[in-house]
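Student: Please see the structure below; I have some questions.
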Amino acid sequence: MHGHRGVAPPEMIRQDFAVLDARETLRTTWPNEQLILMQSVQGHCHEGHGVFRGHAYPNTTMDHVVRALRLDPAAIKRDRQALIDSVAGYCRRTLDGKAPPALIDEGGEPLIGISTLRYLRVDAWDVVRGVYLGGLRDDADIRHQVEEERGIRIGGGRCYLVDTRRMEEMDLNADELAHGEWETRIEDFKREGLIVAEDRRDEPEVVWQYIRHRKGPGASDDAAIVAAGLLWGLGVAVGVFLADAIDTLEKYVPTYSDQDRDLAEEVAAHAGGLGMGLPEAHLLTFLAAIPEAQEGSIPDSSLRHLLAIDRHRDLCALEAHLLHVDGIPAPAIALGHERVSSRRFYEYVEARVREAQGVHP
Numbered sequence: 008m009h010g011h012r013g014v015a016p017p018e019m020i021r022q023d024f025a026v027l028d029a030r031e032t033l034r035t036t037w038p039n040e041q042l043i044l045m046q047s048v049q050g051h052c053h054e055g056h057g058v059f060r061g062h063a064y065p066n067t068t069m070d071h072v073v074r075a076l077r078l079d080p081a082a083i084k085r086d087r088q089a090l091i092d093s094v095a096g097y098c099r100r101t102l103d104g105k106a107p108p109a110l111i112d113e114g115g116e117p118l119i120g121i122s123t124l125r126y127l128r129v130d131a132w133d134v135v136r137g138v139y140l141g142g143l144r145d146d147a148d149i150r151h152q153v154e155e156e157r158g159i160r161i162g163g164g165r166c167y168l169v170d171t172r173r174m175e176e177m178d179l180n181a182d183e184l185a186h187g188e189w190e191t192r193i194e195d196f197k198r199e200g201l202i203v204a205e206d207r208r209d210e211p212e213v214v215w216q217y218i219r220h221r222k223g224p225g226a227s228d229d230a231a232i233v234a235a236g237l238l239w240g241l242g243v244a245v246g247v248f249l250a251d252a253i254d255t256l257e258k259y260v261p262t263y264s265d266q267d268r269d270l271a272e273e274v275a276a277h278a279g280g281l282g283m284g285l286p287e288a289h290l291l292t293f294l295a296a297i298p299e300a301q302e303g304s305i306p307d308s309s310l311r312h313l314l315a316i317d318r319h320r321d322l323c324a325l326e327a328h329l330l331h332v333d334g335i336p337a338p339a340i341a342l343g344h345e346r347v348s349s350r351r352f353y354e355y356v357e358a359r360v361r362e363a364q365g366v367h368p
């Protein structure tokens, strides 16, 4: 299986995981950290980062990574889905009028295993509102609408069930699909058997693959969390983060679907008094969009980067964001792969929010 074109050697996958595991501690449990780090290893394979030292293996799937680590793919998928289910369960209990007393699951554990969330006291409905906004703002159609409304370019795409054997036959790879511009080819891909129907989702060669529709600077999850908090409060910021976490975890689960978007639609269908709708989702999408002139200088932290602890400060990016939203001073830390100063970043987001509100310093 690892002999396929563009698939990383198992021993290198194990080495990269070992380096990441030794270097980083995430603000979650060790089992959850493992679930997150292995996805970062896949990213390293695709980009040629870490121990791969510039040699990219763009067709390395999560199955390849999990098997190289001598773990059970089915068990890993179930464990990742359980984290998503804990967030969905929190939202559903709130919708049913049984709002949890804290950011915990039915077993009393903090959501996503993040110990900091145990101690936050937020309105559960605010969290649900944030999950709603976070689930919509990353949707390709919402992004396209905001691009047209605001006259900006964001870019974006969505995940599809992709037949990896057909992908190789078409002389394509996962990196090209993720970073190209394929909006006009989506229907062709379906006819040609690259994108397949849901009845094939359980076949071993079928993966949940991101295909970019349109190129653009993208959006910053960090900016979405902070802007949501500045506009609507701490609980909404937490909810936006949880939706982002779902968006990461859903990439390797037993049944592939757009679970953050599905949960947002479920919330909207059951919550007549949500007090938020598409205008707020469009506003947050705009505020999270990275301006073309600042591409590369605005952090867009992965779930790993949001939870990685700065050992000099005993602080992770998520905690720094929530402290800032709550008006509590915190030391500056470097954010994301871009290593941007958190203080400079918060100044940027605050200016964006003021501008959107028509308020000038």
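Quick note on the working numbering: the sequence shown kicks off at 8 and runs consecutively.
From the three backbone atoms N, C-alpha and C, an ideal C-beta is built for every residue, glycine too.
Using three-state DSSP, classify D317 as helix, strand or coil.
Tutor: strand
Student: Measure how close the beta-carbons of G137 and A250 come, nearest whole angstrom, since I'm counting them as under 8 angstroms.
Tutor: That belief holds up - the Cβ atoms of G137 and A250 are roughly 7 angstroms apart, short of 8 angstroms.
Student: Between which two residues does the beta strand (DSSP E) carrying Q216 extend?
Tutor: V213 to R221
Student: Near H277, which residues of its chain fall below 6 angstroms by C-beta distance, leaving aside the five closest residues on each side in sequence?
Tutor: L102
Student: How big is the Cα-Cα spacing for S93 and H220?
Tutor: Each residue's Cα considered, the two are about 31 angstroms apart.
Student: Using the Cα positions of G120 and E113, report the straight-line distance between them to the nearest angstrom.
Tutor: 13 angstroms
Student: When you compare each of I149, G163, A234 and T68 to K222 by their alpha carbons, which one comes out closest?
Tutor: G163
Student: Once the 5 residues before and after W215 are set aside, which same chain residues still bring their CB inside 7 angstroms of it?
Tutor: Same-chain partners within the cutoff: C166, L168, K258 and Y263.
Student: What residue range is occupied by the uninterrupted alpha helix (DSSP H) comprising D269?
Tutor: Per DSSP, D269 belongs to the alpha helix (DSSP H) from Q266 to H277.
Student: By DSSP, does Y355 sit in helix, in strand, or in coil?
Tutor: helix
Student: Rounded to whole angstroms, what's the CA-CA distance from L184 to E18? Just pull it up for me.
Tutor: 26 angstroms
Student: Is the distance from the Cβ of R320 to the Cβ of I335 below 7 angstroms?
Tutor: No, they are not a contact pair.
Student: Considering Cα atoms alone, identify which of H51, C52, N66 and Q41 is closest to L78.
Tutor: Q41
Student: Quick one: using the 10 Å Cβ neighbour count with 16 as the cut-off for buried, is K84 buried or exposed?
Tutor: buried
Student: Would DSSP call P16 helix, strand or coil?
Tutor: coil
Student: With three or more beta-carbon pairs closer than 8 angstroms as the criterion, would you say the stretch 231 to 247 touches the stretch 285 to 305?
Tutor: With the rule of 3 Cβ pairs closer than 8 angstroms, the stretch 231 to 247 counts as touching the stretch 285 to 305.
Student: Does DSSP put I91 in a helix, a strand or coil?
Tutor: helix
Student: Quick one: is Y97 buried, meaning 16 or more other Cβ sit within 10 Å of its Cβ, or exposed?
Tutor: So Y97 ends up on the buried side.
Student: My output table needs one value for A109: the three-state DSSP class, helix, strand or coil.
Tutor: coil
Student: Would you please state the rounded distance, in angstroms, between the beta carbons of H312 and A296? I believe it to be under 8 angstroms.
Tutor: H312 to A296, Cβ: 19 angstroms. No contact.
Student: Within a Cβ cutoff of 6 angstroms, which residues of the same chain sit near L90, ignoring the five residues on either side of it in sequence?
Tutor: Closer than 6 angstroms at the Cβ level, and outside the excluded window around L90, lie I119 and L256.
Student: How many Å lie between S349 and T36 at the Cα?
Tutor: 25 angstroms
Student: Who pairs with D170 in a beta bridge, going by DSSP?
Tutor: V213
Student: Alpha helix (DSSP H) containing W189: first to last residue?
Tutor: No alpha helix (DSSP H) holds W189; DSSP gives it neither H nor E.
Student: For chain D, check one thing: does any of its Cβ atoms lie closer than 7 angstroms to the Cβ of L76?
Tutor: Protein chains in the displayed structure number just one, and chain D is not present.
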